[in-house]
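Visitor: Taken in order, these protein sequences are the chains called X and Y.
Residues in the first sequence are numbered from 4 upward in steps of one, following the working numbering.
Residues in the second sequence are numbered from 616 upward in steps of one, following the working numbering.
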Amino acid sequence: MQFEVIAKCHTTRARVSRMKLAHGVTSLPTFMPVATQAAIKGMKILEEAGGAHQFQGWKHNLLTDSGGFQLVSLNKFTKITEEGALFASPFDGAPTMLTAKESISIQHTIGADIIMQLDDVVSSLTVGPRVAEAMWRTIRWLDRCIETHEKSGKHDVQNLFAIVQGGLDHELRDQCLQEMINRKDRVAGYAIGGLSGGEEKDVFWRIIKQCADKLPEDRPRYSMGIGFAEDLLVCVALGVDMADCVFPTRTARFGVALTFNGPLNLRLAKHASDMGPIDETCPCPTCSDGYSRAFLHHNITIETAAAHAVTQHNLVFQARMMGQARNAIIQGTFPDYLKSFFRNYFGDQGYPEWCINALRSVGVDLLESDPSAKTQTGSGAKWERVDTR
Amino acid sequence: MMSTLSFSLLQSDLAQFAPRRGLLSIRRLDGSPNVDVNTPGFITATTRGLVPHLSRDHVRSTSSIRWTHIAFESFLDRVPPIPLLQSGPHSLHKFLGFRPNQHILSLSLRDPSDQRIMPPNGKDHVSAYCMSGVRKVTPQMWKDFTTACTPDIIVALSDTSLSDTNYSQKRLTKSVERSTAWLAHLLQSDAKSTSDPSSPRCRNILVNMAGGDEPRARASFSENLIEMLQGVEFEQVNPLRTLDEGVSGYIFELLPLRNDIRRDAPPAREEAAISSVIPLLKASLGPLPITKPRIAHSTSSPHEILQLIRDVGIDIFDIHWAQRAADIGIALDFSFPVPETHRQSENNDSQRQPLLDSTGRRDLGHNLFDVKYGNDHSSLASYLDEQSSDSATQHPTCPCAACSPHSPASHITHSSVDQTYLDPTTSTAPQHSYSRAYIHHLLHTHEMSSHSLLAMHNIAVMDAFFSGIRQLLETDLKNKESKFLEEVERFCNVYDDKMSMFRLAKEDWSTVELERGKGRLTREKEKEKEKEKEKEREKEKSATTTA
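1) Can you name the residues that DSSP bridges to Thr99/X?
2) Along the stretch 1019 to 1035 of chain Y, where does the CB come closer than 8 Å to a CB of chain X? Name the residues.
3) In the DSSP assignment, the beta strand (DSSP E) including Ile9/X goes from what residue to what residue?
4) For a cutoff of 7 Å on Cβ pairs, would you count Ala297/X as touching chain Y?
5) Using a threshold of 7 Å, state whether the C-beta atoms of Thr393/X and Pro338/X are closer than that.
6) Which of helix, strand or coil does DSSP assign to Thr67/X?
7) Taking C-beta pairs closer than 8 Å, name the residues in chain X that Lys785/Y reaches, listed in chain order.
8) What does a CB cutoff of less than 6 Å around Leu896/Y pick up in its chain, not counting 5 residues either side in sequence?
9) By a C-beta neighbour count over all protein chains shown, 10 Å radius and 16 as the cutoff for buried, is Met183/X buried or exposed?
10) Is the Cβ of Gly54/X closer than 7 Å to any Cβ of chain Y?
11) Could you check how far apart the C-beta atoms of Gln803/Y and Val852/Y are, in whole angstroms? I think they sit under 8 Å.
12) Using a Cβ-Cβ distance cut-off of 7 Å, determine whether Phe344/X contacts chain Y.
13) Tell me whether Glu1163/Y is buried or exposed, calling it buried when 16 or more other Cβ atoms sit within 10 Å of its Cβ.
14) Can you name the residues of chain Y whose CB is closer than 8 Å to the CB of His301/X?
15) Using a Cβ-Cβ cutoff of less than 6 Å, which residues in the same chain neighbour Asp116/X once the five nearest sequence positions on both sides are dropped?
16) Using a Cβ-Cβ distance cut-off of 7 Å, determine whether Ser670/Y contacts chain X.
17) Can you pull the chain Y residues whose beta carbon is under 7 Å from the beta carbon of Glu51/X, in chain order?
18) Quick check for students: name the residue ranges of the beta strand (DSSP E) that lie wholly in the stretch 239 to 289 of chain X, counting only runs of 3 or more.
19) Assess, as a yes-or-no matter, whether the stretch 725 to 733 of chain Y is touched by the stretch 912 to 919 of chain Y under the definition of 3 or more beta carbon pairs within less than 8 Å.
20) Going by C-alpha to C-alpha distance, which of Ser295/X, Val19/X, Tyr348/X and Cys290/X sits closest to Gln315/X?
21) By the criterion of Cβ-Cβ separation under 9 Å, what are the contact partners of Pro969/Y in chain X?
22) Is it a yes or a no for the stretch 122 to 137 of chain X touching the stretch 154 to 174 of chain X, going by three-plus beta-carbon pairs under 8 Å?
23) For Lys430/X, name the three-state secondary structure that DSSP assigns.
24) Mind checking whether Trp1124/Y and Gly864/Y have CB atoms under 7 Å apart?
25) Establish whether the CB of Asp292/X and some CB of chain Y are separated by less than 7 Å.
26) Distance check for Trp386/X and Gly265/X, CA to CA, integer angstroms please.
27) Could you give the C-beta distance for Met843/Y and Ser776/Y, rounded to a whole number, given that I count them as a contact under 8 Å?
28) By Cβ distance, which residues of its chain are closer than 6 Å to Ser375/X, with the 5 residues on each side in sequence left out?
29) Would you say Met278/X faces chain Y, with C-beta separation under 7 Å as the test?
30) Check whether the stretch 344 to 364 of chain X touches the stretch 223 to 235 of chain X, taking contact to mean three or more Cβ pairs, one atom from each stretch, closer than 8 Å.
31) Verify whether the separation of the beta carbon atoms of Arg636/Y and Glu1089/Y is less than 7 Å.
32) What separation, rounded to the nearest whole angstrom, lies between the Cα atoms of Leu870/Y and Phe1099/Y?
33) Leaving out five residues on either side along the sequence, give the residues of the same chain with a beta carbon under 6 Å from the beta carbon of Ser155/X.
34) Please identify the residue among Glu1141/Y, Glu1145/Y, Pro894/Y and Arg1152/Y whose C-alpha is closest to the C-alpha of Gly96/X.
35) Terminal residues of the continuous alpha helix (DSSP H) containing Gly846/Y?
36) Roughly how many angstroms separate the alpha carbons of Cys358/X and Glu174/X, rounded to a whole number?
Quick look at the structure:
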C-alpha cells in the first residue's frame, strides 16, 4: 500500500489522502458500500474461481472483514476462547473454530486488498471485566494475524489492518492504542471497532476523537459500521479516512432515498404524484435520467428494479457527500462545508446537540451564524415520517 | 399523430396460415430514426411499467429489448393515473424511462399475463385490477388515457376476461358486440380532437380477437371488422370505410382463451393444448386480410411459439414466461435450429448442456438453485458451444450482460482528486462471464442481482431463438425449401415441452424463499441427506423387486 496525505483542513483534523492498492487508487476520506452475503460456503469455490474479485467480476479495491463482528452480531451461540471463536458452521452445523490464523488465510483466499485482523468484539453496551478481556485478547490475536500474514508472502498485495477495541472506556482504549501503535511497522492501517452498537452519540464521538487523535498520521484510519451522513462528516472532521455501513443500500430497499435535505421516504403518499427526481442536481443514473419520485413511489418495495434505482442513487449520494468533503478540505473550506451541510440537512428539525459538541471539539461552531437555531437531543438520526410537514 | 406503424412481409404470394417473415416498423413523425422489429419477433413484457428486475441502464444495454408492452391498470389506483401527469412529447416513454429512438411502447388496459379471475365486464366498462382493488374503465376513459399518454401502439378495449362462470350463447354474442362497439368508439375522432388537428393522436391500434372458444363467434367478430359501414356508424369513423381500416394488427390473448376452453370442456384440468387453440385462431383470421401483423400473448413455451408460427402464421409473441423464469432461478439454454451439441441423446456429466430427462428430452435450461451448479464455473449458455471445443472452457458469446459483462463507459467523479486516479486500462479491460456457481450463490443468498442477470440472459436467449427462426425462414424462401418444418419437428423432439424443470425450480425457489433466516443452510444440508437416503431406499426397493 502507498498512503500519502495530500491535504489537511486548517481547522479540523480532516485530511485528504491517496491510498494506492493492488486494484487502483482510492481517494480518502471515502465511504465503502457493503456487499452482504459474500459469506461463502466453503472456500473451495472461491479458490477455484480465483478469488472474490474474479468470482463477482469486481475490478476495483475490496476490503474484507475478519468475521469477528459477524460472529457476534449474527450468532448468539458463538463462544469465544483464547484460541478463537467457536461457532456452529452455517454450512453444515458442525462446531467450527475460527482462529486468527484461519481468518487470515480465508481472507487470503478471498484476495481482498485490505484484510482485517480477527478481533474479539463485545457489544458496545457491555460493561465489566469482559471489555478489558476482549481488548487484550484482540491484541494477542493481532500478533497471530500479523505472523500468519507475514509468513504468507501475500503482504505485498494484501494489507492487514488492526482494530482498536476497548469499548466505551477511555483508559482501555488508550492502552489498546498504545499496544497497537507499537506494532505500527507491521500493520498497514487502523480501524476503530466496537462502536455503532447503540451507545450514546456523545460517548461515540469522544471515543472516535480519542482514537483518531492518537493513531499515527501516516496510516489510514477506518471507522467501522458508520453510514449516516451526520456520523460520517463528524468522523471525517475528527480525522477518520474510511467508513463502511449497510445503511445506504439497506434503507434503499425499504424505500428511503438520501438527499442533502435529509432522507425521503418514497413510500409516503406525498411523493405519489411528484414528477421531479429525488434530487435535481444528482448525477446518479436514477436522477440524471429523470426517474420521477412518483414512479419510484409506484414500485418501491414491490419491484426489485425500483430498489436497484434507489440503491444506485443512495450510493452516489454517499460518494458525493464524501467527494464534496474532499474538495472542501483541499480548498480550505471544510468548516463552511460542514456548516452548510448541517444547515440543509437538519435546519428544519434542529441540529443534533452531539454533532454541535463534536464539531466544537475540532473548532467548528455550527451555530456560529445563528445562535438561536433549533437543536435536538438524542441521536438526531433523521427520518421522514408520515406526520412530518 | 406521433408515429405510424407499418408492416411488410418478405413473401409475396403467401398462404393464409403459412409461416411468415416480416418487418414491423414504427416511424416517428419527428424525424428520429425508425424502430424496427423483424418478425417472427418478440415483445418484452413489463410489470407495473418496468421490465422486471432490470434497471434503466440494463434495459438500454439489452439491445434486443425493442418492443415493450405496458399494462395501464396498475396506475389506476390514483386519479388521475400518474402517467398522465408527465408532460412533453413521448410522455409515456419519458415517464417509464424508455427511449423513443430505441423502444416501441404498446399500451393495453389489462395485463395479458394476469391470471386473476375478475368480476365480469359491464355494458360500458372493463374491470381492471390495481393494488387498491378493481376499477371500472369505460371506453371514453380509455380513449382519454391513451390520448394523454401517447404510446406508440394502443390496444383497444375488448370484452375478454378471465371469469369462472359459464358463458351462455347470449353472453358470447354480447361480448362480440361490445368489443366491436368499443373498437368503433376508439376509432371515432373526438369533437375535441377534430377542432384541434395538431393534438397528437395515436392511430396505431391493435385489437383483441373476441369470440371466446366458439369458432362462429370468433368469425363473426372478424366479419364485423371488415363489414362496410353505413349511416351513422360510417359518419362516426369517417374517413374509415370499415373498422378494420383503422386497425394495425390482431392480438390473440391465449390466457383467457385457454380459460374458456377449459371451462367449457371439463374435466380437463391441465392447460388446454395448443392444438385446441390453433383452430380458434384460424377461425378469427379466416375473414381478415393476411397483410397485418398477428400477435400472440402468453404462450407458455418455445414449442408453442414454433407451432403458432408454423400452423397459424403468428408474427409476434410476448416472452413473459421466459422473463419470469429468471424469478425462479432458471437460465435458459436452448436454440433454434437445435444445435449439434444438444442433439446427443445421452447425458454426459462433464458437459455443460442442460440435462436429459427420463424420456430423453433435454431441459430448456438450468435450474441454478440446484446444488450441482455450486461448483460450475462455466458461463450460462451452452447452446453456443462449438461441438468440437473443450467443454470446460468459457464461451462468452452470448451477448447478455451476464455472459458478456462490460464496464460502464464513463465514471462519475466526485472530487477534483478522483479523475487522475482512474486507471483507463483496468476500467476498459473485458470482463469474464459471470459463472453458474456465482449466480447459484446469489440465488441462495437472496441477492436481487441474480434475477437481473438471469432476466437479461433469458431475453438474449429468446432473441437468438427468434433470430434462428427468421434466418431459417429466409433460407427456405431463397431455396424454395421447407427446412423450417423439419427443424420445428426436431426441436419438439429434442427439448422437453412439459417444462418439468420449471416445476422443480419453482419448488426450490419457494423452499429458499420460505426458509430465509438462521440455520437455513443446516436445514438444506439435512434435506440433501434425506433425499439421498430416499434414493438409496428406492434403489434397494427396485433391486428387491427385480430379484
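No residue lacks a Cβ here, since even glycine has one placed at the ideal position from N, Cα and C.
Remember, predicted model here, so these are calculated numbers, not experimental data.
Guide: In short, the structure shows the following:
1) Phe90/X
2) Pro1020, Ser1022, Ile1027, Thr1028, His1029, Ser1030, Ser1031, Val1032 and Asp1033
3) Gln5 to Lys11
4) yes
5) In the structure as shown, chain X begins at 4 and stops at 392. Residue 393/X is therefore absent and cannot be evaluated.
6) strand
7) Residues of chain X passing the Cβ test: none, with the nearest at roughly 40 Å.
8) Phe867 and Val927
9) buried
10) no
11) 6 Å
12) no
13) Here chain Y comprises residues numbered 616 to 1162, so residue 1163/Y is not present and cannot be evaluated.
14) Arg663, Gly664, Ser689, Phe690 and Ile697
15) Leu24, Ala25, His26, Asn64 and Leu65
16) yes
17) Asn990 and His992
18) 245 to 248
19) yes
20) Cys290/X
21) The contacting residues do not exist; Pro969/Y stays about 22 Å from chain X at best.
22) yes
23) Absent from the model: residue 430/X. The displayed extent of chain X is 4 to 392, so no value can be given.
24) no
25) yes
26) 7 Å
27) Contact flag wrong, Cβ pair sits at about 30 Å.
28) none
29) yes
30) yes
31) yes
32) 27 Å
33) His111
34) Glu1141/Y
35) Gly846 to Val852
36) 23 Å
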